[in-house]
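Numbering (my numbering), first residue to last: 5 to 426.
Structure representation (structure tokens):
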């Protein structure tokens, strides 16, 4: 035998004497309900939503009645429903009071007795959507239209007075420039958009991605924070009451990377031209040797930069800064200028071939040993000791110097002695 239906609640629990209110009944055993009654009156229509829910349209009535439902298991208990005169809604304000002919403007309506609103109309056209915020406030999205229309609200208590809303012709916003025109793929940088008709802009998009945030500064300027994006160009557009603007091009730039530096050493006095290789180097705004900026630099291509090292000391990291960010570091070592303090022996034959020992400091990275202008073969023994094979040359004194990435040393005198004559 089927169990009788049970009603546990009704919402709303009151409605107008003329009926027509849609009420929701909750309970159990509703699956096969055949009748819904408001007192002795049968609901003009109802829908069994589930075994625990029914929606029904209230018939006309008066006073307080018991709602019951009947099914194969019998008739349910009753829940109270009151017929009461519902005051008509009234509108007192609207903001904004105008919008584009294309519709889409969200309008805030203020007034009284707005709860239970079933329709919001702009003239004879229903709002695209609306939300009853409270008994005194409704937000509604304007449908397309033209001219000046009256907005009205309908509730179970009737239809309100009208408040005027004007459809106006609003030109679409126009963008003329973006500055800067590029930024990192990670986003987060602020760009300035210039143009016209920007006052009512509601959306700023980088391609299909909304800006992280934006501020309408004036009718001709907007600042926006770029969202993350893929490397390459996108079109920035803005949308306002008049529609969507044209696009201005913005480039997402990949983070620069460095893979090599040549040479990787140079004198503490700076001045060495260093060739940097890597990726995403276009648009470089700075090249740094440690914390010091390069004396000058030239962006040769997306994969190469030449930079003149500033003065410095010790080992530093070279980095490159572009609109895409700051690169990884590549080591560069400042080398002190070599110093010669002595040599032994201090003289030898004009025919050369004498092994000369040079003493000093900073000799580890020697690249050449010169007797005057003549290069000599050499062997680096330590940072303070080098042996060199004296080349042949005319009799007399000659300046001996050594060269390293740190520069050329001071000179020490070596004397070539002619063989005695008979």
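Glycine included, C-beta positions come from ideal geometry on N, C-alpha and C. This structure is a prediction, so every number in the text was calculated from the model and none was measured.
Exposed unless 16 or more other CB atoms sit within 10 angstroms - verdict on residue i
i, result
"residue 276", "buried"
"residue 11", "buried"
"residue 66", "exposed"
"residue 309", "buried"
"residue 263", "exposed"
"residue 417", "exposed"
"residue 96", "exposed"
"residue 271", "buried"
"residue 180", "exposed"
"residue 91", "exposed"
"residue 151", "exposed"
"residue 346", "exposed"
Proximal residues to residue i (C-beta, below 6 Å), its chain only, five neighbours per side dropped
i, result
"residue 213", "231"
"residue 15", "28"
"residue 144", "111, 124, 131 and 134"
"residue 329", "188 and 259"
"residue 419", "351 and 401"
"residue 51", "59"
"residue 269", "337, 339 and 409"
"residue 239", "251"
Which of helix, strand or coil DSSP assigns to residue i
i, result
"residue 26", "strand"
"residue 239", "strand"
"residue 86", "strand"
"residue 469", "Nothing can be reported for residue 469: it is not among the residues displayed for the chain, which extend from 5 to 426."
"residue 225", "strand"
"residue 393", "strand"
"residue 54", "strand"
"residue 117", "coil"
"residue 403", "strand"
"residue 388", "coil"
"residue 122", "coil"
"residue 109", "coil"
"residue 13", "strand"
"residue 70", "strand"
"residue 33", "coil"
"residue 4", "Absent from the structure is residue 4, since the part of the chain shown begins at 5 and ends at 426."
"residue 409", "coil"
"residue 414", "coil"
"residue 76", "coil"
"residue 130", "strand"
"residue 104", "strand"
Spatial neighbours of residue i in its chain, beta-carbon cut-off 7 Å, leaving aside the 5 residues before and after
i, result
"residue 359", "391 and 393"
"residue 206", "243 and 244"
"residue 396", "354, 355 and 356"
"residue 84", "17, 68 and 70"
"residue 220", "202, 203, 205 and 226"
"residue 314", "274, 293, 296, 297, 298 and 299"
"residue 148", "105, 106 and 107"
Nonlocal neighbours in the same chain, by C-beta distance under 8 Å from residue i, ignoring five residues either side
i, result
"residue 121", "93, 134, 136, 142, 157, 158 and 159"
"residue 306", "283, 284, 285 and 286"
"residue 303", "285, 286, 287, 288 and 309"
"residue 55", "32, 33, 34 and 35"
"residue 385", "391"
"residue 280", "262, 264, 265, 291, 308, 309, 310, 311, 322, 324 and 334"
"residue 113", "95, 97, 98, 124, 141, 142, 143, 144, 155, 157 and 167"
"residue 370", "342, 382, 384, 390, 406, 407 and 408"
"residue 379", "372, 373 and 395"
| query | Touching or not, the segment 241-256 and the segment 311-318, by the rule of three or more beta carbon pairs under 8 Å? | reply | no
> For the segment 134-222, which segments carrying the beta strand (DSSP E) assignment without a break, of at least 3 residues, lie completely within its bounds, in sequence order?
Replying inline: 141-145, 152-159, 167-172, 178-183, 186-188, 194-200, 207-210 and 217-222
Open item on the list: Count Cβ pairs between the segment 196-213 and the segment 160-169 that sit closer than 8 Å; are there 3 or more?
Closed with: no
Going along the chain, which unbroken runs of the beta strand (DSSP E) with 3 or more residues stay wholly within the segment 333-380? 334-339, 343-348, 351-353, 359-365, 372-375 and 378-380
- Message: Any contact between the segment 351-365 and the segment 295-304? By contact I mean 3 or more CB pairs, one from each, below 8 Å.
- Response: no
**Asked** Are there three or more Cβ pairs, one per stretch, closer than 8 Å when the segment 347-360 is compared with the segment 328-338?
**Response** no
Tell me, please, whether the segment 60-79 touches the segment 27-44 by the rule of three or more beta-carbon pairs shorter than 8 Å. yes
If we count Cβ pairs, one from each stretch, closer than 8 Å, do we get three or more for the segment 280-292 versus the segment 205-224? no
Taking the runs of the beta strand (DSSP E) that are 3 residues or longer, which of them lie wholly in the segment 251-311?
252-257, 261-266, 269-271, 277-283, 290-293 and 300-305
Next on the checklist: Taking contact to mean 3 or more Cβ pairs, one atom from each stretch, closer than 8 Å, check whether the segment 165-175 and the segment 86-105 are in contact.
Outcome noted: yes
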